[in-house]
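Heads up: the protein sequence lines correspond to chains A and B, in order.
Start counting the first sequence at 1; every next residue gets the next number (our numbering).
Start counting the second sequence at 508; every next residue gets the next number (our numbering).
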Amino acid sequence: MNTAAENDAAKIESRDFLITNVQGNILRGYKLGMVRYLFLEVADTPADRARARAFLGTAAAKGSATVPVITRESNTKWDTKPDSCFNIGITYEGLKALGTPPEHLASFPTEFIEGMARRAMKLGDFGDSAPAKWPAPFDQPKRVHVIASIYADDVGKLNAVTAQVTPHFTTLLGQRDGKGLDGDKVHFGYRDSISQPRFREVRELDKIAKSKAADEQSKQAEEKPQPWDPLGTALLGHESRYEGVRFGVPTPEVLGLDGTFNAFRILEQDTAGFEKYLTEQAEWLKRQLKDNPKIQLLLAPGDEGRIGTGPDWTWTKAMREIIAAQMCGRWRNGVPYETSPDTPLPDPPNERVSLTNFDYSRTSRCPAGSHIRRCNPRGGPIVQRIANYTRRLVRRGMPYEITPDPANPDKKERGLLGNFIGASIGAQFEAVMCDWLNLGLHDPNVTGTNDPLIGANSIETSWFDLMLPDGSAIRLRELPRFVITRGGAYAFLPSLRAIEWLSKLRT
Amino acid sequence: MTDKGGWFDKFVDSLPDRGWFKFLSKYVVVPYWGWWDPKLKLTGGPRPTPQPSENLQRMMNLIMPLKDPSPVGRAKAALAIAQNVDEIFDGLDNVGTVHTARFLLLDNNICMISVYDGDFSNYIRDFIVTIGSSFDDVISLVEGADHLIPTTQNVERFIDWVHDHDLFQAPDFSTDLFALQDEARILHDEEKGIVTKTPEHDLRSLPRELILQFRANPNISLGGGYRAYPGFSAAQVRNKMGVGW
């Protein structure tokens, strides 16, 4: 006799998957240049609940003059890029505020119910990153009910949609604007958003005309050895990367299916501190050159030209870039350290270096402690032998605040508005944050260390091993924390049908 | 300030050794106290910490009540372990973060005692994903766990269930008990919409707090345990020993 769980699984398995039931910001990015996040509250009164529900119902259908339509995944190609896109995420408190019955609330996973602030220690959010230090609105996480995201190429469109959204909620608790930097870069100067999970189901659905660079990236994605990701990586109710395992789908089925979870994070980046550390360590290595000739294996004096061309490329400047590349696992222009460990400028210059087609091995030149190898160890050797490719996350991030001018440095807060999307917060986002980024448990040579770029490092104890071509290492010490968490929340990204269901609640 | 109490303090301190008080405390004082100042059963397992080395070699003391604790039921449990032990140990090997694991039959429970590295949820998830079907045979003999089978289709619920059946680990610094009980109370009240402030504690009330926690939580792991080589992961030890990781 089948158990209830087996019956549920069979029921889910037999249904047709409708891609247009999925919100449009999950399986692919919009490639629009700006984003605005609105943090909204629904007060505990029948009138406020009804207003918010009515908004959701209209937004999930066709929208109206006063309600933006929620952008859904498309089953056809988009001929033209839309002016703006709009999506919503709902926190556990938000589901409660909208009147979701307790038996269905209880069917959500524990980490989502507890919320990001209560999971802080697991995520490395302590010290300056502790929730107690988060500014509004995340200093009162229980009031953040809906995170609405608006994507556009200009502020006018962002403002227009903002004006449509806010009257339908009790309080606009706050907002954050992000803007893409030139060359898809983030504030530490690296090109970002290169490697993402790939889904066969959206392979043919290129919805917007791509730039030449994006097209090139797409071609590379086709040839990379990383396996296709099952839909269950990003959507509830589908087979996950774990063989035979499906993450729990919240009830009722219409609420949970084709939804997913998002760890929304506001991450402040200490750009000046990062550049200072690179300089200090490069200068320290220069002073060690006489005593430790092995450093020349990384960069011999006079060989600076392979790192950068021009008279200003001193040994120290070039070494800074080598350190930065090893810390990330990519050169700042995106070229993988694994496939091009000696230079960010492959020779001949026009040779196309795949940004994604590579894997790690026991003799990898890319350090096991580097950022991208911790986030996604690919098919390389890891301690958790069954975990390769199981903790993949869809990353949608955009920087906030403009790039600092090196000639006139300022002290403005700048960083990244990040969305880390997956069908299981626990099995994907938290698993990566806890065991790989902040403990280095994937490789015994780096166990006990944190991610050099975003880890919860402490200048007194943290270090990073710079790998030499002969497999030995030079330890860089006094590694400070470069990224501080300034807020965040776990949000559920419901399907369109689920939003419609929520809009019809009457409790 | 003297650490020598007055006659009344000495009298109170001597109460636990007085026969009449033992009787009174068992049947009246502690039950009344527990009713008047209820303590929540603190959750199982080690707590996350900022110190990376403390996130290694963590203890799990999983106590699972048997459906049938009779000699026949216990024999069935022993057989279930014997029939699946190779798969279970192979699975633990593939999880990669486990130092030791063993099974015990203790009173009416089947217990899994293990030492692992890193996050508890990751350990249990990887374990179940690897050998869930073999472990289902064990779980099927446990009281109140039928809804978790097959475990591979109920991974999140299984993790919560194991967490709930993992013994609470008393803090190495006994005064930390105050903060743990306060935190549990605040979160519990918060769920009910009640705002609770952190109370001030008198150090002398620590034994009472401990007694009340024992009342809510009769089985407790006493501290984090001894480690011969603290701060090393299973993979680091294997690597040093040259047996591969």
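Even for Gly, the Cβ is constructed at its ideal location relative to N, Cα and C.
Note that the structure is a prediction, hence the values are computed from the model and not measured.
So, under 8 Å CB-CB, residue i and residue j are touching, yes? Tell me the CB distance rounded to an integer number of Å.
{"i": "aspartate 689(B)", "j": "threonine 705(B)", "result": "5 Å"}
{"i": "glutamine 23(A)", "j": "arginine 53(A)", "result": "About 18 Å separates the two Cβ atoms, so there is no contact after all."}
{"i": "alanine 431(A)", "j": "aspartate 644(B)", "result": "With a Cβ gap of about 27 Å, alanine 431(A) and aspartate 644(B) do not count as contacting."}
{"i": "aspartate 696(B)", "j": "threonine 703(B)", "result": "4 Å"}
{"i": "valine 537(B)", "j": "isoleucine 727(B)", "result": "Going by Cβ atoms, the distance from valine 537(B) to isoleucine 727(B) rounds to 16 Å, so no, they are not a contact pair."}
Is residue i close to chain A, meaning its C-beta is less than 9 Å from at least one C-beta of that chain?
{"i": "proline 737(B)", "result": "no"}
{"i": "aspartate 614(B)", "result": "no"}
{"i": "valine 602(B)", "result": "yes"}
{"i": "isoleucine 666(B)", "result": "yes"}
{"i": "tryptophan 752(B)", "result": "yes"}
{"i": "aspartate 689(B)", "result": "no"}
{"i": "valine 521(B)", "result": "It should be pointed out that residue 521(B) corresponds to serine in this sequence rather than to valine. With 9 Å as the cut-off, serine 521(B) does not count as an interface residue toward chain A."}
{"i": "valine 592(B)", "result": "no"}
{"i": "threonine 637(B)", "result": "yes"}
{"i": "glycine 526(B)", "result": "no"}
{"i": "arginine 554(B)", "result": "yes"}
{"i": "glutamine 676(B)", "result": "no"}
{"i": "serine 741(B)", "result": "Just to set this straight, residue 741(B) is alanine in the shown sequence, not serine. It does: the Cβ of alanine 741(B) has a partner Cβ on chain A nearer than 9 Å."}
{"i": "arginine 762(B)", "result": "With chain B running from 508 to 752 in the structure shown, residue 762(B) is simply not present."}
Report buried or exposed for residue i, applying the criterion of at least 16 other Cβ atoms within 10 angstroms of its Cβ.
{"i": "leucine 297(A)", "result": "exposed"}
{"i": "methionine 748(B)", "result": "exposed"}
{"i": "proline 469(A)", "result": "exposed"}
{"i": "asparagine 25(A)", "result": "buried"}
{"i": "valine 202(A)", "result": "buried"}
{"i": "aspartate 524(B)", "result": "exposed"}
{"i": "histidine 672(B)", "result": "buried"}
{"i": "alanine 209(A)", "result": "Only weak support exists for where alanine 209(A) lies, its pLDDT of 44 falling under 50; the coordinates are left without a value."}
{"i": "leucine 522(B)", "result": "exposed"}
{"i": "isoleucine 484(A)", "result": "buried"}
{"i": "aspartate 405(A)", "result": "exposed"}
{"i": "glutamate 707(B)", "result": "exposed"}
Rounded to a whole number of angstroms, what is the C-alpha to C-alpha distance between residue i and residue j?
{"i": "tryptophan 315(A)", "j": "phenylalanine 739(B)", "result": "37 Å"}
{"i": "glycine 305(A)", "j": "aspartate 229(A)", "result": "40 Å"}
{"i": "leucine 729(B)", "j": "tyrosine 623(B)", "result": "18 Å"}
{"i": "aspartate 509(A)", "j": "glutamate 401(A)", "result": "Since the first and last residues shown for chain A are 1 and 507, residue 509(A) lies out of range."}
{"i": "glycine 487(A)", "j": "arginine 414(A)", "result": "13 Å"}
{"i": "glycine 183(A)", "j": "phenylalanine 261(A)", "result": "28 Å"}
{"i": "threonine 45(A)", "j": "threonine 100(A)", "result": "14 Å"}
{"i": "glycine 89(A)", "j": "glycine 57(A)", "result": "14 Å"}
{"i": "lysine 77(A)", "j": "proline 377(A)", "result": "33 Å"}
{"i": "alanine 120(A)", "j": "leucine 586(B)", "result": "42 Å"}
{"i": "threonine 20(A)", "j": "serine 361(A)", "result": "40 Å"}
{"i": "aspartate 523(A)", "j": "leucine 105(A)", "result": "Nothing can be reported for residue 523(A): it is not among the residues displayed for chain A, which extend from 1 to 507."}
{"i": "leucine 181(A)", "j": "glutamine 269(A)", "result": "14 Å"}
{"i": "glutamine 676(B)", "j": "phenylalanine 665(B)", "result": "20 Å"}
{"i": "phenylalanine 510(A)", "j": "alanine 407(A)", "result": "Residue 510(A) falls outside the range modelled here, since chain A spans only 1 to 507, and no answer is possible."}
{"i": "proline 578(B)", "j": "phenylalanine 39(A)", "result": "59 Å"}
{"i": "leucine 549(B)", "j": "valine 69(A)", "result": "46 Å"}
{"i": "glycine 639(B)", "j": "glutamine 660(B)", "result": "9 Å"}
{"i": "leucine 599(B)", "j": "lysine 185(A)", "result": "41 Å"}
Using a beta-carbon distance below 9 Å, is residue i in contact with chain B?
{"i": "aspartate 443(A)", "result": "yes"}
{"i": "asparagine 75(A)", "result": "no"}
{"i": "isoleucine 459(A)", "result": "no"}
{"i": "arginine 265(A)", "result": "no"}
{"i": "glycine 426(A)", "result": "yes"}
{"i": "threonine 464(A)", "result": "Before going on, a small fix: residue 464(A) reads as phenylalanine here, not threonine. Chain B contact via Cβ: absent."}
{"i": "asparagine 376(A)", "result": "no"}
{"i": "tyrosine 242(A)", "result": "yes"}
{"i": "methionine 121(A)", "result": "yes"}
{"i": "isoleucine 208(A)", "result": "With a pLDDT of 47 at isoleucine 208(A), under the threshold of 50, the predicted position of this residue should be treated as unreliable, though the coordinate-derived value follows. It does not; no Cβ of chain B falls within 9 Å."}
{"i": "glutamate 41(A)", "result": "no"}
Between residue i and the ligand ZN, is the CB less than 8 Å from at least one heavy atom?
{"i": "tyrosine 534(B)", "result": "The ligand ZN is not part of this structure, which contains no ligands at all."}
Pairs of beta-carbons, one from the segment 489–507 of chain A and one from the segment 307–324 of chain A, closer than 8 Å: are there three or more? no
Touching by the beta-carbon criterion (3+ pairs, under 8 Å), the segment 434–448 of chain A and the segment 252–264 of chain A: no
Touching or not, the segment 636–654 of chain B and the segment 525–545 of chain B, by the rule of three or more beta carbon pairs under 8 Å? no
Count Cβ pairs between the segment 106–122 of chain A and the segment 488–501 of chain A that sit closer than 8 Å; are there 3 or more? yes
For the segment 380–400 of chain A and the segment 435–446 of chain A, state whether three or more C-beta atom pairs, one from each stretch, are separated by less than 8 Å. yes
Quick check: the segment 566–582 of chain B against the segment 604–618 of chain B, are at least 3 beta-carbon pairs closer than 8 Å? yes
Does the segment 30–42 of chain A come close enough to the segment 140–150 of chain A to have 3 or more Cβ pairs within less than 8 Å? yes
Below 8 Å, can you find three or more Cβ-Cβ pairs linking the segment 131–146 of chain A to the segment 370–385 of chain A? no
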